[in-house]
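*Asks:* Mind having a look at this structure? Questions to follow.
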Amino acid sequence: MTDPIIAVEKMKIIYNQNKSNEVRSLDGVDLQIFPHEYVIIHGPSGCGKSTLMYSIGGFQIPTEGEVVVEGKKISKMTPREIVDLHQTGVGMIFQAFYLIPTLTILDNVCLPRTFMGESLKTRREAGMTLLQRFGIMEQAYKFPSQLSGGQKQRVAIARSLVNNPQIILADEPVGNLDSESAKNVLQILKNLNEIDKKTIIMVTHNPEHLYYGDRIIHMKDGKIVGEEVNKEKRPLDFFEKARKEAIGEKKISDVKDEKSLLEGNTQEKIDVPNELKLLMRMFRGLDNSQLGALLVPFKAKQLLSHALAELNDEQLSSAENFLKELLFKNIKINDLPSKLDMSFEEGGSNWNKSRAKSFSTRIASILEQVDFQTDIGEKNKDEAVLHMCGYLQSMFHLHLDETASARFHSFMKLRFDNKIDGIELKKQLDLAKLLGGVGLNKVTAEKLVREMEVIMLLKYKD
């Protein structure tokens, strides 16, 4: 079995223990992290997520329990081994950067290697290589006060990597950055995981960042209260071992449900497919129970808001009802214009003829693509992707060169395969071509992804 690179076992961290002002920062935490995983620890301020990270890094001593890093218990490490762990085992990225203001950028990056007996030339060559990689080599001989927040954080990332650690700990790394700089830093961390195969552990309170991680650990009040998997990297034998350890050889799902059954909650748990989970991220109003036919009202609402958002509530409500009828196949698309054009007294939506016609044409175009994707998608996914690419390029008048077109097709296929969600797709479409993206402008990328996500929602079947 592949051993975890990090194991946290029944860990508690208690301040002022057995006193009236006792505080339990961590309360019985168990966690295993495997090589090359990107794990995000998420929760509100004060939930213990940063304390957990500092314990993993050997900066915080547990009151009870144990932390094991690369097979070694931190509590059993000698002072020399602790130093080695901090020098070469883990790299730390802080929200506040912690650059030394009197040192140049290059010297800040090289500082962790200063105490390893290397020559100045060797250190600086390593530092310049990292600065070049992160696009800040021209800042090498400036001081931290001369850099922007985003540049400072890239320097901090370079510093964390200068000794080539396998584990990178990032504590709210974009908390002090603007949205564009934050996006760049988060992409750097993603690349370090996917390209350099670093094990990344990031702490954040921001739910918008969660799709970057392979696995999301949710914390509250010093405890792990949930786990979400975007991309499974844990070895198969981990699950087999967990199954065998489950009480009475029960399935893991049965064990998880045991507590809810004891509490009187006998509602059957719904297993939500990954395809729907990714759609749920784009359409926040969706919950687990809205499957199959129950999705139709939600689909109608999303389709309506996507195609039109300029009418009063009564007109919209009436049109939404007609869309439900259309999606339930109780009326035909050819009937929609007349029903929208009729007055309220006649049972219509009180639109004008021109608006009703253009809206119905728009809906027909979307539903035609939905029908094609439904019919062809399961039989020939490559053809479905190609057809969707052509539809979107025509709809949004995209004129892509050969490189951008190939990337566009590649990212669309990843979305079709449910390997990325709509948020990640939008990011890659918006990303500059020089950075490996398609190079669309932000507004076009948002509209295009919304169009595709609506189509994927409409074709979804449980």
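If you're matching positions, the sequence shown starts at 1 in the numbering used here and goes up one per residue. All C-beta atoms, glycine included, are put in the ideal place defined by N, C-alpha and C. A quick note: this is a predicted structure, and the numbers were derived from the prediction, not measured.
1. Measure the C-alpha to C-alpha separation of Met116 and Leu147 and round it to an integer number of angstroms.
2. Which stretch, first to last residue, makes up the beta strand (DSSP E) that contains Ile217?
3. Can you grab the Cα-Cα spacing for the pair Asn334 / Gly46, in whole Å?
4. Along the chain, where does the alpha helix (DSSP H) that runs through His387 open and close?
5. Quick check: what's the CA-CA separation for Ile217 versus Lys10?
6. Please name the residue, chosen from Asn18, Pro165, Leu26, that lies closest to Lys220 on a Cα-to-Cα basis.
7. Quick check: Gln95 and Asn18, are their CB atoms within less than 8 Å of each other?
8. Do Leu189 and Val90 have their C-beta atoms within less than 8 Å of each other?
9. Of the choices Ile200, Asp196, Arg159, Lys152, whose alpha-carbon is the least far from that of Ala182?
10. Report the option in Lys427, Glu232, Lys339, Val443 whose CA atom is closest to the CA atom of Asn184.
11. If the criterion is Cβ atoms closer than 8 Å, does the pair Leu340 and Gly347 meet it?
12. To the nearest angstrom, how far is the alpha carbon of Ile33 from that of Ala319?
13. Which one or two residues does DSSP pair with His42 in a beta bridge?
14. Nearest-angstrom Cα distance between Asp214 and Asn206?
15. Which whole-angstrom value describes the C-beta separation of Thr104 and Tyr54, a residue pair presumed to lie in contact below a C-beta threshold of 8 Å?
16. May I ask you to report which of helix, strand or coil DSSP gives Asp287?
17. Taking the C-alpha atoms as reference points, what is the distance between Met325 and Lys379?
18. When you compare only the Cα positions, how much space is there between Glu208 and Asp171?
19. By DSSP, does Val370 sit in helix, in strand, or in coil?
20. Looking only at its own chain, which residues have a Cβ that is under 6 Å from the Cβ of Tyr460, when we skip the five neighbours before and after it?
21. Taking a contact to mean a Cβ-Cβ separation below 8 Å, would you say Leu52 touches Ile41 in this structure?
22. Note down the Cα distance separating Pro165 from Asp3, rounded to an integer number of angstroms.
23. Going by beta carbon distance, what residues of the same chain come within less than 7 Å of Leu130, once the five residues before and after it are set aside?
24. Below 6 Å CB to CB, which residues in the same chain sit around Leu448 once its five sequence neighbours on both sides are set aside?
25. Name the one or two DSSP bridge partners that Gly226 has.
26. Per DSSP, what are the beta-bridge partners of Val29 in this structure?
27. State the beta-bridge partners of Ala468 as determined by DSSP.
28. Going along the chain, which residues of its own chain have a beta-carbon closer than 7 Å to the beta-carbon of Thr122, five neighbours each way excluded?
29. Could you give the residue range of the beta strand (DSSP E) that holds Gly65?
*Replies:* Checking against the coordinates, here is how it stands:
1. When rounded, the distance between both Cα atoms is 28 Å.
2. Counting along the chain, the unbroken beta strand (DSSP E) around Ile217 starts and ends at 215-220.
3. Cα to Cα, the separation comes out at about 57 Å.
4. In the DSSP assignment, His387 falls within the unbroken alpha helix (DSSP H) covering 381-395.
5. The C-alpha of Lys10 is placed about 16 Å away from the C-alpha of Ile217.
6. The shortest C-alpha separation from Lys220 is found at Leu26.
7. No.
8. At the C-beta level, Leu189 and Val90 stay beyond 8 Å of one another.
9. Closest by alpha carbon: Lys152.
10. Answer by Cα proximity: Lys427.
11. Pairing Leu340 with Gly347 gives a Cβ-Cβ distance that is not under 8 Å.
12. Each residue's alpha carbon lies about 50 Å from the other.
13. Note: His42 sits in a beta bridge opposite Thr204, His218.
14. Cα-Cα distance, rounded: 16 Å.
15. The pair is not a contact, with the Cβ atoms about 28 Å apart (cut-off 8 Å).
16. Residue placement at Asp287 is poorly supported in this model, since its pLDDT is 48, which falls under 50; the coordinates are not used for a value here.
17. Correcting the residue type first, residue 325 is Glu in the shown sequence and not Met. Taking the straight line joining both Cα atoms gives about 28 Å.
18. Per the coordinates, the alpha-carbon of Glu208 lies some 16 Å from the alpha-carbon of Asp171.
19. When DSSP states are grouped into helix, strand and coil, Val370 belongs to the helix group.
20. So the list is empty, once near-sequence residues are dropped.
21. Contact check for Leu52 against Ile41 passes: the beta carbons are separated by less than 8 Å.
22. Taking the straight line from one Cα to the other gives about 18 Å.
23. Scanning its chain for C-beta atoms nearer than 7 Å, with the 5 sequence neighbours on each side dropped, one finds around Leu130 the residues Val109, Ala158, Leu161, Val162, in chain order.
24. By the criterion of a C-beta distance shorter than 6 Å, Leu448 is surrounded in its chain by Leu392, Phe396, once the five residues flanking it on both sides are discounted.
25. Answer by DSSP bridge pairing, in chain order: His218.
26. Note: Val29 sits in a beta bridge opposite Met11.
27. The question about residue 468 has no answer, for the chain in this structure spans 1 to 462.
28. None.
29. Its beta strand (DSSP E) spans residues 64-69.
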